[in-house]
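Some notes on the structure that comes next.
Numbering (the numbering used here), first residue to last: 118 to 678.
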């Protein structure tokens, strides 16, 4: 029995149909992953943008003043004074753009590179899906909308880019980087309707929807049925050949009439079964061809059209974003020494997490599309190239759906996804370095605070001794208690000053690293993803235009078995 089954599986028609069924099963799974990966990728773009905005403005939305606990000076001979308490925290409403009047004397920054013209509707910096009507027009300097605004005794130039205002102050001596990075990145107010393949609409991918899912699942059901019918057919053929041989031997031997007639009926029964199987195979093949040509092919054309629109929108949006982040180069290191607050550190951790998810979702997006197209092309290759006695000569040039999928696969295989992936990964590395430095700064703060608290206690003991004995207590066991305690306090104060200096340096390193890493990482990542989106936009345009070209090659092709 096992030997017969093995022989059956090796039959060309059976193995081919089994492979077709396997490809279609893969396609069902790949379609789901493809849809989910697009939704996740767009969601990650939004959440990364929100995290970047939060990171940029964390220090300004709830700013905590400097609390360095610098060691006090111990005067001599009077006893030292305890350090004054730090000022109370500022309320969020107290944050302003106020700067000293000396900033206005700084050299103005050169104007930023020209971004695309402002759209007529609200647009979001990281949100790639604004109405298509707002994307018309060319990018000319005359189309800039510039206004001069006086804010807290300082003039800034505001260049409108949709709803995101890019503020280029004439001087970067401004309280903290957050304020520079936060007008820079604007707000993420609008939310695109996320759906791939019909869960709604993703930047133009529409009309395919649940219909595409249904079509693929029905094709899978028909492929399973075809596989079963072909197995039945081949099994009947094997049995028929065996019965025919037995009948021939009986006739040669002039065997008993009843045995011979029984063998003939068995052969006729198998022939009848083979005829039924053949009709079932033909009927099933007709259904598959009908679904393939009347539903699947138009859906694929629409899907390619939607992908073309999606990546065109992303390309145009990334261009705007690239113009915006390039202005980071105008920011200079800030001499202020505001420490990293816990809120800012948490914002850094969240940004790292979101960029990590962005990178993962991009990789999944590419992989899922490759799996989808490869499964589809593999299935088409087996279902379109005919076999059997009535073989219909067919090549890929005769099949619009196969041509579309083959060209689509070339677009996916030749995509510069590694460059884009490495760009996102480089940004992740840059953000991670900032988070590590923020953590190190806070560790150094704890060391400085701990040293200062110990110093305060030791100084309190010293003051008590000085009140009791005066500057000198006199020798006791060869030591002057006051002098000895004062020497220890002096040594501890030197250590505290050293820890405080390390903390101050750590703050400066954090601020410089934050600016430097973003100045490098953000333009680099947007250059990479802009280039990728550009390549895919042109690739899908080529596939779509070829598919819509009226060349008279849209005849329905049947599978002949």
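Backbone N, C-alpha and C fix where the C-beta goes; we use that ideal spot for every residue, glycine too.
Quick caveat, the model's predicted, so the values are computed rather than measured.
Minimum Cα-Cα distance from residue 640 among the listed residues 442, 459, 611 corresponds to 442. For residue 385, the enclosing alpha helix (DSSP H) begins and ends at 374-407. Contact annotation, residue 523 with residue 494: C-beta distance approximately 6 Å; criterion of less than 8 Å satisfied.
In the three-state reduction of the DSSP assignment, residue 601 falls in the helix class. Distance from the CA atom of residue 449 to the CA atom of residue 638, rounded to whole angstroms, is 16 Å. Only residues of its own chain outside the window of five on either side were considered, and among them 138 have a CB closer than 8 Å to the CB of residue 341, listed in chain order. Bounds of the alpha helix (DSSP H) holding residue 463 are 459-501. The C-beta distance from residue 134 to residue 344 rounds to 4 Å, short enough to meet the 8 Å contact threshold. Inter-residue distance for residue 578 and residue 616 is about 22 Å (C-alpha atoms, whole angstroms).
Out of 174, 561, 572, the CA that lies nearest to the CA of residue 300 is found in 174. Taking C-beta atoms as the reference points, residue 609 and residue 575 count as a pair closer than 8 Å.
Per the coordinates, the alpha-carbon of residue 353 lies some 14 Å from the alpha-carbon of residue 362. Shown here for residue 172: same chain residues with a beta carbon closer than 7 Å to its own, the five before and five after excluded, namely 464, 465, 468 in chain order. Looking at the backbone, the Cα of residue 155 and that of residue 657 are separated by about 16 Å.
Annotation: residue 646 to residue 472 spans about 13 Å, alpha carbon to alpha carbon. Rounded to the nearest whole angstrom, the C-alpha separation of residue 488 and residue 418 is 18 Å. A straight-line Cα-Cα distance of about 16 Å links residue 160 and residue 541. The beta carbons of residue 397 and residue 346 sit about 5 Å from each other, so the pair counts as a contact at 8 Å. For residue 437, the uninterrupted alpha helix (DSSP H) segment begins and ends at 414-442. Following the DSSP letters along the chain, one finds residue 517 inside the alpha helix (DSSP H) bounded by residues 517-530.
Taking 8 Å as the cut-off, the beta carbon of residue 357 is found no closer than this to the beta carbon of residue 393. Residues of the same chain with a CB within less than 6 Å of the CB of residue 391, apart from the 5 flanking positions on each side, are 353 in chain order. Taking the Cα positions, residue 370 is about 59 Å away from residue 414. DSSP places residue 534 in the uninterrupted alpha helix (DSSP H) bounded by 534-586. Residue 627 is a Cβ neighbour of residue 457, given a cutoff of 8 Å. Taking 8 Å as the cut-off, the beta carbon of residue 598 is found closer than this to the beta carbon of residue 582.
In terms of Cα proximity to residue 569, the closest of 636, 618, 648, 585 is 618.
Within the model, the alpha-carbon separation for residue 428 versus residue 518 is close to 22 Å. Out of 632, 144, 128, 611, the CA that lies nearest to the CA of residue 492 is found in 144. Contact between residue 148 and residue 421 is ruled out by a C-beta separation of about 14 Å, above the 8 Å threshold. Of the candidates 478, 625, 604, 536, the residue whose Cα lies closest to the Cα of residue 163 is 478.
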